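Take a look at the structure set out below.
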């Protein structure tokens, strides 16, 4: 059994706002992602979405106000709460939840499918 | 809603191998802990236990061999797998699972109840 180097996995991603599952436990997936700019506003009605910042900073925009996260911060977006992550610079994330949410309905913007990291 | 600074929460702990729940999502708890030395060998039959190293290093001793974790590494000890975490120096952890496991049956050594961090 091998440890999962989260920063290495996140750095190796080539597409923004896509999630790569790196581990699973107790019905939850551990997924790395990199982001820049904003996703679309969206809601997950079936699951809470946990953000843990591995590198950089991100603002979780909520209709009730913004939540700013720095490296080492964890934040849970409860199910049903509309949100729109926004990163001025590239951010690397660990996302935790029972399934992958990075589809079009999950907020993934159209441009992110073709934009690759430098 | 506020972000959870995992490193701050871990640093504020005063007892080794005790878990403090800092967030909850999808039936799993996010718990910070600090460790030094070894716990007892133990098994969780009811849950997988996920380790994420926030600061320092830790070796997860398994009967099949050791797994060494550095900062930013994640490792899942599957349910039913006997393990014994060992840290030469103080390590700060995020542990994820459906309940707190830091009781005597969960491997917490007797000395850790009275030993406080410098």
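Chains as they are written, first to last, in the working numbering: chain A, 2 to 119; chain B, 2 to 119.
Where a beta carbon is used, it is the ideal one built from N, C-alpha and C, also for glycine.
Nothing here was measured: the structure is a model prediction, and the numbers come from that model.
Not one beta carbon of chain A lies nearer than 9 Å to the beta carbon of residue 36 (chain B). Around the CB of residue 69 (chain B), fewer than 16 other CB atoms lie within 10 Å, so the residue is classed as exposed.
Look at residue 27 (chain A): its C-beta is under 9 Å from a C-beta on chain B.
Residue 92 (chain A) has A:36 as its beta-bridge partners, per DSSP. Shown here for residue 74 (chain B): same chain residues with a beta carbon closer than 6 Å to its own, the five before and five after excluded, namely 54 in chain order. Note that the segment 33 to 40 of chain A touches the segment 80 to 87 of chain A; at least 3 beta-carbon pairs, one per stretch, sit closer than 8 Å.
Put simply, the CB of residue 85 (chain B) is far from chain A, with every gap to its CB atoms at 9 Å or more. When Cβ-Cβ separations below 9 Å define contact, residue 24 (chain A) makes contact with chain B. One finds 27 in chain B with Cβ atoms closer than 7 Å to the Cβ of residue 99 (chain A), taken in chain order.
DSSP places residue 12 (chain B) in the helix class (H, G or I) of the three-state scheme.
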